[in-house]
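Working notes, beginning with the structure itself.
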DNA sequence: ACAAAAGTGTTAAGAATACACCCATGT
DNA sequence: ACATGGGTGTATTCTTAACACTTTTGT
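Residue numbers (my numbering), protein chains in the order written: chain A, -16 to 214; chain B, -16 to 214.
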């Protein structure tokens, strides 16, 4: 049974990316409209096939870069989907990844009109997706919520400089609940992983609000001292 | 790029199982000694190849049943490992699963001596494993610790009837730390998901200790009322 | 002067932790 | 009678949650 390779069936392997973004108000997801069969015209996640010379992480990076042009994106593997009939055309096992991209750094999406049209949707207004992609998105949301509480991944979704209010809005969008302003700020400051700038953002109010940066060095130092990030 | 299936490479897909057990004292892992190449004679996880007519969960079930004869085992998918050179003989992508089996229900292991010899190891005394199996085990331990705090999975590893002390020892083994007896019992009782029997286990002491059963109905009712299990 | 968002601490409630003695029984 | 593990409750600390007013400044 396991003592030989010769009798193994072979499979097409795909990656599908759940791409999250944030526009300072709502959590978004990037979807593409399929311009090819099967399920032409329907919305789906961005995906691609694994190639012999790469591993799954690299395939996900490649797919993401093709669509967004972005490199060094936060990507995390989620789950392998393998139902025999999940893809009606051909047996395909797909490994899902979720990506966090900072909407303000994001250049135009590679929407070449030929293969697919890409579009940002509010996470709660996304259309029905093909295959098992709806389940993939639900799963990704759960993981995102969990991760947001145990790793400072939120910063991946924000511009380099951001206000406390933006950070709070992001966490509210991820967790799906309102948070208390003072408690939130106290908690964040208690973590001591932000650098407060002298600069203010004057867009949101007359008074202006101070900008902060995530201090990755401080964070890494704390983690290596055994500090456990917990929001 | 994604608009056709024809140019896709194909891959051998495997599942590898991290099989945890508990002997009332230590957390154990079931490993097999390979009697075939590559890496003949070395210890590894139990694995097998995915077949066309099944999905990954089914493949993991099959592999596990072949080894242990057990059905209805708790199995959870963990991660897809896909390094190009992870298996020196042939490009193989492997999806890891962890399994929890109740050592007392476990019949003899299917150790047929021809293909492999299976052996239980204390988790902290396990030998070096082939390929990336060491990483798979580390990953599985982390997931097990997390799950143990948020789902009553511990009960999968115990006999149907068990004492509080057994339950506590199990959690201590999983979490790798000593717990306070009174606090532990208070917490467990606070969850109100156990059924206390009139029966006593007379093996562990002269006085005897009451046996308990996990009440799955109560648990499910609580969960569907929105109760969040948190140990 | 007022509208609109920023900024700032304290108190109360709840959760987690530390801790020590008596009980039942077989030998 | 004693040795062994079983069983039980309270006080303290820490963490989390609730809560309201003043500041700044552009119009």
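Beta carbons are placed, not taken as given, at the ideal position from N, Cα and C, and that holds for glycine.
Model, not experiment: these values are computed from the prediction.
Nearest CB-CB separation between residue 214 of chain A and chain B: not below the 7 Å threshold. For the region 48 to 69 of chain B, the set of residues with a beta-carbon nearer than 9 Å to any beta-carbon of chain A comprises 49, 60, 62, 63, 64, 65, 66, 67 and 69, in chain order.
Around the beta-carbon of residue 67 of chain A, fewer than 16 other beta-carbon atoms lie within 10 Å, marking it exposed. 7 Å or more divides the Cβ of residue 162 of chain B from the Cβ of residue 27 of chain B. The Cβ of residue 38 of chain B sits closer than 7 Å to at least one Cβ of chain A. Counted as a single uninterrupted DSSP element, the stretch harbouring residue 113 of chain B is not any beta strand (DSSP E), since DSSP gives it neither H nor E. In this structure residue 74 of chain B touches residue -5 of chain B by the C-beta definition: roughly 7 Å separates them, less than 8 Å.
Nearest Cα to residue -3 of chain A within the set A:19, A:140 and A:38: A:38. Within the same chain, Cβ atoms closer than 8 Å to the Cβ of residue 192 of chain A are found at 146, 147, 148, 183 and 184, the five residues on either side in sequence being excluded. Closer than 7 Å to the CB of residue -9 of chain A there is at least one CB belonging to chain B. Closer than 7 Å to the CB of residue 34 of chain B there is at least one CB belonging to chain A.
Distance from the Cα of residue 55 of chain B is smallest, within the candidate group B:158, B:102, B:123 and B:43, for B:43. In this structure, DSSP gives residue 74 of chain B a state outside helix and strand, which the three-state scheme calls coil.
With its beta carbon less than 7 Å from one in chain B, residue -4 of chain A belongs to the interface. For residue 104 of chain B, the closest C-alpha among the options B:16, B:196 and B:205 is that of B:16. For residue 200 of chain B, the enclosing alpha helix (DSSP H) covers residues 199 to 207. Per DSSP, residue 177 of chain A lies in no alpha helix (DSSP H); the unbroken beta strand (DSSP E) holding it starts and ends at 177 to 184. With the criterion set as a beta carbon lying under 7 Å from some beta carbon of chain B, the region 119 to 151 of chain A has no members that meet it. DSSP places residue 125 of chain B in the helix class (H, G or I) of the three-state scheme. Here residue 40 of chain A carries a helix assignment [DSSP, helix/strand/coil]. Taking 7 Å as the threshold, the shortest C-beta distance from residue 78 of chain B to chain A falls below it. In chain order, 77 and 115 place their CB closer than 6 Å to the CB of residue 64 of chain B, counting only its own chain and leaving out the 5 sequence neighbours on each side. Between residue 153 of chain B and residue 137 of chain B, the C-beta spacing is below 7 Å. DSSP, reduced to helix, strand and coil, places residue 27 of chain A within a strand of the structure shown. Leaving aside the five residues that flank residue 197 of chain B on each side, the residues in its chain whose CB is nearer than 7 Å to its CB run, in chain order, 135, 138, 176 and 177.
Shown here for residue 155 of chain A: same chain residues with a beta carbon closer than 8 Å to its own, the five before and five after excluded, namely 161 and 162 in chain order. Across the set A:46, A:179 and A:194, the C-alpha of A:194 shows the shortest separation from the C-alpha of residue 186 of chain A. In this model, residue 122 of chain B and residue 79 of chain A are separated by some 18 Å (Cα to Cα). Residues of chain A whose Cβ lies closer than 9 Å to the Cβ of residue 74 of chain B are, in chain order, 35.
Going by beta carbons, residue 132 of chain A and residue 61 of chain A fall outside the 7 Å limit. If you draw a 10 Å sphere on the C-beta of residue 210 of chain B, you find fewer than 16 other C-beta atoms in it, and that means exposed. Residue 11 of chain A is classed as buried because its beta carbon has at least 16 other beta carbons within 10 Å across all chains shown.
Across the structure, residue 36 of chain A and residue 144 of chain B are spaced so that their CA atoms are roughly 51 Å apart. Taking C-alpha positions only, residue 203 of chain A is separated from residue 171 of chain A by approximately 16 Å. In the three-state reduction of the DSSP assignment, residue 137 of chain A falls in the helix class, which pools H, G and I.
Rounded to the nearest whole angstrom, the CA to CA distance from residue 87 of chain A to residue 6 of chain A is 8 Å.
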